[in-house]
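In this note's numbering, the protein residues as written are 5 to 375.
Encoded as structure tokens, the structure appears first; notes follow it.
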């Protein structure tokens with residue numbers, strides 16, 4: 005089945021062409037490299053995995069209850085709009101909400117694949133090229149995984165959100181080699197990592213939990229890669245150059261915040277224009293979604309501070325968004341936690357499979373002895 009057959013609204017183009025600027029940089033220094041970066045590169049090689057084999061695609065998913073979380077998480081829950089919906093319409097609300105969220109994850113992963121390939125091309129240091137090459141493979145695997153999940157388990161998809169598209173356009177069309185790092189590794193990946201984490205921790209369904217946990221194990225390394233590269237480089241920049249990067253971060257964070265409103269899913273549910281307005285008002289006022297949006301900046305804000313972009317006006321912008329307190333998050337602790345959760349999930353799965361196999365063997369032996 006073509007993905008275009010899954011889209012609830014038509015995708016604008018069969019391909020989206022972004023004109024890229026800047027240079028492709030070769031380096032002839034093959035022997036020197038930063039120990040931290042090379043260690044991350046080694047981890048990137050060691051942690052490669054195959055989504056066909058590592059993920060249990062035989063697990064069933066109810067497309068009308070993808071994550072298995074209470075309806076209280078839905079913005080319009082317990083509003084007049086919710087109460088006048090019949091159960092069939094509410095089922096579609098659940099399905100379209102999950103489809104929209106995972107669709108944006110999918111498009112973001114393709115964007116990350118292209119951005120990391122762009123880093124391989126443009127970054128001047130070979131150790132960064134090495135690591136970005138492993139990330140390109142990671143992102144291809146993530147896009148493959150989310151595409152399969154949407155196609156086989158959910159059955160509908162949404163085109164890329166205009167705010168995510170705008171940030172990707174700004175990131176890829178900039179000629180400066182550090183901008184794919186800043187736009188993708190810090191902003192888009194940082195927000196996605198936090199979103200994955202919230203959903204991984206609240207879902208009661210095993211298949212999305214597996215996917216989110218395994219993807220996060222990779223994404224934590226990607227954010228660490230951006231921190232390492234930019235922290236070293238931004239120490240060398242002038243005040244004017246740093247201000248330009250801060251302007252990009254502020255605009256990008258507002259785009260990411262607005263992206264989370266997801267107006268497309270409400271417009272596509274057969275609601276009247278007035279009902280769409282009611283739904284968006286509920287989205288903006290939902291206490292659950294306010295907390296969710298705040299948590300989504302838990303990886304971005306401390307990362308921006310860590311790489312050296314922390315002027316008063318940047319802090320003021322984060323205060324305006326209500327996320328300034330996230331600056332105190334420890335990214336290293338969060339990264340270790342992401343890795344441990346994925347490893348523990350593997351251990352539990354393989355232990356259960358070993359037990360099941362042992363029981364099957366014991367039963368076979370018993371049947372053989374009885375015969």
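Just so it is clear, CB atoms sit at the ideal spot from N, CA and C, and this is done for glycine as well.
Helix, strand or coil at residue i according to DSSP, with G and I counted as helix
i, result
"residue 161", "strand"
"residue 135", "helix"
"residue 68", "coil"
"residue 11", "strand"
"residue 276", "coil"
"residue 217", "helix"
"residue 86", "helix"
"residue 387", "This structure gives no information on residue 387, because the portion of the chain shown stretches from 5 to 375."
"residue 2", "Because the chain is modelled from 5 through 375, residue 2 falls outside the range shown and cannot be assessed."
"residue 326", "coil"
"residue 130", "helix"
"residue 339", "helix"
"residue 112", "helix"
"residue 306", "helix"
"residue 81", "coil"
"residue 354", "helix"
Residue i vs residue j beta-carbon contact at 8 Å
i, j, result
"residue 424", "residue 85", "Outside the displayed range of the chain (5 to 375) lies residue 424, so it cannot be described from this structure."
"residue 263", "residue 194", "no"
"residue 151", "residue 7", "yes"
"residue 156", "residue 113", "no"
"residue 179", "residue 23", "no"
"residue 292", "residue 162", "no"
"residue 65", "residue 154", "no"
"residue 218", "residue 73", "no"
"residue 259", "residue 97", "no"
"residue 261", "residue 287", "no"
"residue 346", "residue 220", "yes"
"residue 328", "residue 341", "no"
"residue 300", "residue 198", "yes"
"residue 13", "residue 268", "yes"
"residue 48", "residue 138", "yes"
Distance between residue j and residue i (C-alpha atoms, nearest Å)
i, j, result
"residue 331", "residue 307", "8 Å"
"residue 118", "residue 140", "7 Å"
"residue 230", "residue 103", "29 Å"
"residue 147", "residue 115", "9 Å"
"residue 181", "residue 359", "51 Å"
"residue 111", "residue 164", "6 Å"
"residue 95", "residue 26", "48 Å"
"residue 105", "residue 83", "22 Å"
"residue 232", "residue 239", "12 Å"
"residue 228", "residue 339", "8 Å"
"residue 51", "residue 351", "15 Å"
"residue 367", "residue 68", "37 Å"
"residue 126", "residue 28", "5 Å"
"residue 109", "residue 171", "14 Å"
Residue closest to residue i, alpha-carbon to alpha-carbon, out of the options
i, options, result
"residue 133", "296, 319, 265, 33", "33"
"residue 149", "216, 253, 128", "216"
"residue 297", "276, 275, 337, 200", "200"
"residue 76", "365, 333, 337, 290", "290"
"residue 295", "326, 252, 122, 316", "326"
"residue 336", "247, 252, 225, 237", "225"
"residue 120", "253, 166, 183, 87", "183"
"residue 122", "9, 242, 188", "188"
Cβ distance (whole Å) where residue i is taken to contact residue j below 8 Å
i, j, result
"residue 313", "residue 249", "6 Å"
"residue 101", "residue 191", "About 23 Å; that fails the 8 Å criterion."
"residue 131", "residue 185", "14 Å between Cβ atoms; not a contact."
Proximity test, residue i beta-carbon vs the ligand SAH heavy atom, cut-off 7 Å
i, result
"residue 304", "Summarising the ligand content, the structure contains no ligands, and the ligand SAH is consequently not present."
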